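Protein sequence lines correspond, in order, to chains W and G.
So the first sequence is numbered by the working numbering: it starts at 680 and just counts up by one.
So the second sequence is numbered by the working numbering: it starts at 680 and just counts up by one.
Glycine included, C-beta positions come from ideal geometry on N, C-alpha and C.
From a predicted model like this one, the values you see are computed outputs, not experimental measurements.
Structure, as structure tokens:
2 protein chains.
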Amino acid sequence: MKKLINSVDSVVTDALTGIAAAHPSLRVDLDNKIIFRASGPRPGKVGLVSGGGSGHEPLHGGFVGYGMLDAACPGEVFTSPVPDQMIEATKGVHGGAGVLHIVKNYTGDVFNFEMAAELCGDEGVEVVSVLVNDDVAVQDSLYTAGRRGTGATLFVEKIAGALAETGASLADVARTGREVNERSRSFGVALTPCTVPAAGKPTFELTESEIELGIGIHGEPGRTRAAHAEAREIVRVAMDAINDDLPLSGDLLVLVNGMGGTPLMELYIAYAEVAAYLKEKGATAVRSLVGNYVTSLDMQGFSVTTCSLTEELTRLWDARVETPGLRWGR
Amino acid sequence: MKKLINSVDSVVTDALTGIAAAHPSLRVDLDNKIIFRASGPRPGKVGLVSGGGSGHEPLHGGFVGYGMLDAACPGEVFTSPVPDQMIEATKGVHGGAGVLHIVKNYTGDVFNFEMAAELCGDEGVEVVSVLVNDDVAVQDSLYTAGRRGTGATLFVEKIAGALAETGASLADVARTGREVNERSRSFGVALTPCTVPAAGKPTFELTESEIELGIGIHGEPGRTRAAHAEAREIVRVAMDAINDDLPLSGDLLVLVNGMGGTPLMELYIAYAEVAAYLKEKGATAVRSLVGNYVTSLDMQGFSVTTCSLTEELTRLWDARVETPGLRWGR
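Written out as structure tokens, the structure is:
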């Protein structure tokens, strides 16, 4: 295993040290492993907290900032953060209007965020959770009961975050976050496995002629193994899976997401095929993102996430955002 | 070779099709293989054109937009674009104030851009070129006489682009572009080779315990092969090489650039070591970027680029930019 690390035990701390050094807009609590906005909580604004295992960067820490999250809790690589982190983060972003937890549907994350929410409630901080479970590939898997939470997490964080900036109530921010999740679907494909530093070897094996369809973001098994094929065919498998679950029509927000090791050039090749597929179905990607946003360390592969937009969701997507990982608007 | 492509012959066209579909702010001329701003040339503004082999995305096409380039010419993978592309791009962005060519120092690129500039001159379009040669690793190499142009290309494109938006003259924009190059130094390290689609196999071989120091962005040989080591040590080799060439002091702009296949988490680990090194030297990264900006397909590794800032260069770096690959400001 060749990785650009100092030791397998210090990867999260060392990466947080780098994040702190690179981004003056963030305040990193190294002891508790929490990434906050440096500006602190804004009185009257709903606070947004997310978190999950490390190794998916820029998710979640890279999405802390104006218009998205107030804090992110990174666990060890591919391991849920602990309730203590979540409690500390929740209290730290509470500006009097309550806190939204955005939780990807993995058993450990769900359990720990539930415990944290309950304990925060006991201390007088109102917490509501939005569960993200957009991945149509598998029902139940190695780490999940039900569907996994993947690319739509970015959509929920961006859109709920934009609404929170307007001073909306916790109930409204949560309702909109859930609406985004319900309108979103994802499917991922791996060309190679990834290597978790502490494991030191690939999470699974794929031959030079195989790909894994319906992969999760931890290298957990997908739907099926298949022969490697043209981008056109692979994208069609992903889009058919999404379209079978929620027929694609109208105005969409589309993410073509790299798993970490795939060249941007190839992601654009995939995006071209996604756009062609949508045209066939009479749908249009009126907003899109192409790049590494919800990654799995060095895995080669991609995922597609679609979200059926409304006028309101489009407006919130377009709203100003200033985070290390996502930034636009005036 | 497993790549997310349709065929080795169509990678550039297919990627351009995806770029066109994903970014309404761009106009892609598929026949001539040129990425333009959709808004067209602005009368009185100096036009900026760059280009080079494909496989380094987001460089250059991802840097077309307000505050950076007016057009980019992608060649085949790791192959210079041809003079016809450059001529078409140059004429297409000429708004009456002349055109700046930003050229990475590779023999093919230099030769072709020179020919294009001459032919444009014959047709009455004034062209001035800025040569980028920031890589301290090697003097002369497989593709270059003199030093290679790498990460500083992004700095030159951003800062010269910002100045051009203010209505500055071609001479001034060129002078500032050259100043940025002169103040910039880079050094890259590969943990793995990359695979060019048409070749179908890695550009070189590295064992599980070896890394290549001073690598270029095409998988061309570096300074030396070394044993894989901690991030701390590897970063020190890179920073020492830069510091030996141009002692690091004062306020710096720093890019920790991923070669395409390295997880963002590892780039932040490297950035932490860069920041620690700079502190030792009494220098400070007052502006920084961490991510995949000047890549080599799926290569794992990173490069560091430093630029010694002035007040003027800092102001231009901070100026609004709106491109697919770089975006900030109001």
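Amino acids of chain G, ordered along the chain, whose beta-carbon sits closer than 8 angstroms to that of residue i
| i | result |
| --- | --- |
| D977 of chain W | G940, T941, P942 and Q979 |
| T974 of chain W | P942 and L943 |
| N971 of chain W | L943 and N971 |
Enclosing alpha helix (DSSP H) for residue i [first to last residue]
| i | result |
| --- | --- |
| P991 of chain G | As written in the sequence, residue 991 of chain G is Glu, which differs from the Pro given in the question. Start and end: E990 to D997. |
| R854 of chain G | L849 to E861 |
| K837 of chain W | A831 to E844 |
| L695 of chain W | V690 to A701 |
| I913 of chain W | A910 to D924 |
| V772 of chain W | P762 to V772 |
For residue i, the three-state DSSP class (helix, strand or coil)
| i | result |
| --- | --- |
| T886 of chain W | coil |
| A951 of chain G | helix |
| F981 of chain G | strand |
| A824 of chain G | coil |
| A869 of chain G | strand |
| R902 of chain G | coil |
| F715 of chain G | strand |
| K1090 of chain G | This structure leaves residue 1090 of chain G out entirely; chain G is present only between 680 and 1009. |
| K783 of chain G | strand |
| V933 of chain G | strand |
| E805 of chain W | coil |
| L810 of chain G | strand |
Reference residue i; option with closest CA among the options
| i | options | result |
| --- | --- | --- |
| V691 of chain W | W:A998, W:A847 and W:T758 | W:T758 |
| F981 of chain G | G:E793, G:P722 and G:D814 | G:D814 |
| G867 of chain G | G:Q979, G:M794 and G:T769 | G:Q979 |
| D801 of chain W | W:G777, W:D819 and W:L821 | W:G777 |
| E793 of chain W | W:G730, W:R862, W:V935 and W:H907 | W:G730 |
| D930 of chain G | G:R862, G:G828 and G:G898 | G:R862 |
| V807 of chain W | W:R857, W:T823 and W:T786 | W:R857 |
| P876 of chain G | G:L849, G:I713, G:Y745 and G:H897 | G:H897 |
| L934 of chain W | W:A951, W:E1001, W:T855 and W:T769 | W:A951 |
| G895 of chain W | W:D851, W:V789 and W:A816 | W:A816 |
| T786 of chain G | G:D819, G:F883, G:H739 and G:K770 | G:D819 |
| V859 of chain W | W:E887, W:G828, W:L976 and W:G893 | W:G828 |
| A699 of chain W | W:I713, W:T886, W:A955 and W:Q764 | W:I713 |
| T984 of chain W | W:G1008, W:A998, W:A949 and W:L849 | W:A949 |
| V809 of chain W | W:A853, W:E899, W:K770 and W:V953 | W:A853 |
| R826 of chain G | G:R902, G:P760, G:T871 and G:V914 | G:R902 |
| E887 of chain W | W:E899, W:A908 and W:P900 | W:A908 |
| P703 of chain G | W:R1006, W:V772, W:D788 and W:A964 | W:A964 |
| A906 of chain W | W:L892, W:N922, W:D851 and W:T882 | W:L892 |
| V743 of chain W | W:T874, W:P872, W:A962 and W:A841 | W:A841 |
Under 8 angstroms between C-beta atoms of residue i and residue j
| i | j | result |
| --- | --- | --- |
| G879 of chain G | M680 of chain G | yes |
| F715 of chain G | L705 of chain G | yes |
| Y947 of chain W | A694 of chain G | yes |
| I781 of chain W | W996 of chain W | no |
| G970 of chain W | G741 of chain W | no |
| T974 of chain W | P942 of chain G | yes |
| I890 of chain W | A920 of chain W | no |
| L988 of chain W | L932 of chain W | yes |
| E991 of chain W | Y745 of chain W | no |
| S733 of chain G | E767 of chain G | no |
| E805 of chain W | L748 of chain W | no |
| E945 of chain W | L833 of chain G | no |
| A795 of chain G | P753 of chain G | no |
| N784 of chain W | R911 of chain G | no |
| L849 of chain G | L779 of chain G | yes |
| S1008 of chain W | R999 of chain W | The question names Ser, yet the displayed sequence has Gly at residue 1008 of chain W. In this structure, R999 of chain W lies closer than 8 angstroms to G1008 of chain W by Cβ. |
Within chain W, the residues that residue i reaches when beta carbons sit closer than 8 angstroms
| i | result |
| --- | --- |
| H907 of chain G | K681 |
| I684 of chain G | E909, A910, E945 and I948 |
| E805 of chain G | Within chain W, no residue comes near E805 of chain G; the closest Cβ sits about 33 angstroms away, beyond 8 angstroms. |
| T871 of chain G | K681 |
| E887 of chain G | M680 and K681 |
Under 7 angstroms from the C-beta of residue i: neighbouring residues of chain G
| i | result |
| --- | --- |
| Y950 of chain W | G697, A700 and A701 |
| P737 of chain W | L943 |
Amino acids of chain W, ordered along the chain, whose beta-carbon sits closer than 7 angstroms to that of residue i
| i | result |
| --- | --- |
| R1006 of chain G | R1006 and W1007 |
| D693 of chain G | I948 and A951 |
Segment limits, beta strand (DSSP E) that includes residue i
| i | result |
| --- | --- |
| F790 of chain W | Where F790 of chain W is concerned, there is no enclosing beta strand (DSSP E), although the alpha helix (DSSP H) it sits in stretches over T786 to D801. |
| E755 of chain G | A750 to V756 |
| G732 of chain W | G726 to S733 |
| R721 of chain G | It is not in any beta strand (DSSP E) - R721 of chain G carries neither H nor E in the DSSP assignment. |
| L705 of chain W | L705 to D708 |
Residues that residue i contacts on chain W, provided the C-beta gap is smaller than 9 angstroms
| i | result |
| --- | --- |
| G734 of chain G | P942 and M944 |
| I913 of chain G | L683 |
| R690 of chain G | Here residue 690 of chain G turns out to be Val, not Arg, going by the sequence shown. Near V690 of chain G (Cβ distances below 9 angstroms), the residues of chain W are M944, E945 and I948. |
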